[in-house]
Amino acid sequence: MIEFSEINLEARAPDVTDGGRWKSIPLVQRIDPLTLKTCRILTGVKLQPEKPPVLTDIVEADGFCPFCENVFERVTFAFESDVVPTGRIRKNRAAVVPNIMAYSGYSSVGIYDTSRHFLTLDQFTPEILSDAFSVMVEHAMAVKAARPDLVWSSISANYLPSSGSSVVHPHLQSSHDLQPMQYQKELVEGAKAYHKSSSRSYFDDLVSQEKNSSRYIGTTGSVTWLTPFAPRGFQEIWGVIANASDIAELSQRNITDLSDGVARVLAYYGAYNFSAFNYSVVGGGPGSLDIGFRLVFRILVRSNPDKYYRSDVTYFERLLDEPLLDVSPEEVAKAVAEFFN
Ligand SMILES: [Zn+2]
């Protein structure tokens, strides 16, 4: 039995609707049973946008876009032939290419559809999603074959500048590394400890237990959708994929089921006037099946885009607890020291 615990923090605050009279406001801190990470569930604060955002300025492809079909093959590069013999991987209008920003041992960027510079959330169809996930998994399998030492894999995405994305054209990214991301490590260590004490899969137990809870959403074939007890972000939704513990193990069936569910989640977000999101699904690394690890697709919403603003928080910080830094602490110290002379 997985235990969900929460602590009543008994918040006291003045009520503006009642002349500033001090009152007790419900506030709980919840603890994630696997990672022991905590969050707070507030009362009365609703951050949902009232209207759909106006995105005209950022969605027009008037400038240069490396992911648009007219330039795509010319401005992106092929993979090294010892990893991907064909150099490029495409499926219908989806493609995956090397990411020129090196944030992992192998970093790749996938494009859902090179002919679509912008998609509203309800335009992410199961077909578009499935083509993109398929090329990412095909690339993951190629990396696994060529570089078996890169055992830590993940697929993630930022959508629109307010989610940390630097390119509007819908895309997703992958990482294949010698080392896990911080959150990946915590998930695997938690699953391992749970398996050691119970000989059971934490994620299978979570699914069977939550099927009877108020956090259960539904299933799309092999994927069970639910909201996490202690979310890491707004409107967070999980898809737990049965019998798959690493990215390269995702079957076409899993991909179809996942895409079906993701399209439904994005349609839900769109219907509530959200437009930006991050998601991530991390592999369990070596021996992950033996500890009952399961792939969990985690998705959450971000603020709607505002002109001139690009968030410096991407899926790395929001979902993987692994900050990306462009300037080293030593360089910062050197520059700041000038102001201490
Ligand atoms: Zn484009």
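The sequence shown begins at 2 in this note's numbering and counts up one residue at a time. Virtual Cβ for every residue (Gly too), placed ideally from N, Cα, C.
Asked, Found
"Heavy atom of ligand 1 within 7 Å of Phe204 beta-carbon", "no"
"Counted within 10 angstroms of its Cβ, other Cβ atoms place Asn71 as buried (16 or more) or exposed", "exposed"
"Close Cβ partners of Glu211 (< 7 Å) along its chain, the five nearest in sequence each way excluded", "Tyr217, Leu227"
"Which listed residue (Asn100, Gly286, Gly234) has its alpha carbon closest to that of Ile300", "Gly234"
"Status (buried if at least 16 other CB within 10 Å, exposed otherwise) for Val297", "buried"
"Between the CA atoms of Ser25 and Ser289 - distance to the nearest angstrom", "46 Å"
"Which listed residue (Leu161, Leu326, His170, Phe341) has its alpha carbon closest to that of Tyr310", "Leu161"
"Three-way DSSP call (helix, strand, coil) for Asp205 in this model", "helix"
"Beta strand (DSSP E) segment containing Tyr104, residue limits", "Tyr104 -> no beta strand (DSSP E), and no H or E assigned at all."
"Counted within 10 angstroms of its Cβ, other Cβ atoms place Trp239 as buried (16 or more) or exposed", "buried"
"Ligand 1 heavy atom lying under 7 Å from the CB of His177", "no"
"Beta-carbon separation (whole angstroms), Pro306 vs Ala277, contact threshold 8 Å", "6 Å"
"Cβ contact check for the stretch 91-101 and the stretch 151-161: 3 or more pairs under 8 Å", "no"
"Top-ranked residue by Cα proximity to Arg265, from Ser329, Asp58, Gly285, Thr220", "Thr220"
"Which of helix, strand or coil DSSP assigns to Ile3", "coil"
"Start-to-end residues for the alpha helix (DSSP H) that takes in His196", "183-199"
"Burial state of Asn342, where buried means 16 or more other Cβ atoms lie within 10 Å", "exposed"
"Cys66 CB to nearest heavy atom of ligand 1 below 7 Å", "yes"
"Where Arg295 falls, given that 16 or more other Cβ within 10 Å makes a residue buried", "buried"
"Segment contact, 8 Å Cβ cut-off, at least three pairs: the stretch 163-181 with the stretch 251-262", "no"
"Cβ-heavy atom distance, His170 to ligand 1, below 7 Å", "yes"
"Arg216 (DSSP reduced to helix, strand or coil)", "coil"
"is_contact[Ser215, chain D] using C-beta, thresh 8 Å", "Structure shown: chain D not included; a single protein chain is present."
"Where the alpha helix (DSSP H) containing Pro127 begins and where it ends", "127-147"
"Assigned secondary structure, Lys335 (DSSP; H/G/I helix, E/B strand, else coil)", "helix"
"Opposing strand residues paired with Arg91 [DSSP bridges]", "Ala96"
"C-beta atoms of Asn274 and Pro53 nearer than 8 Å", "yes"
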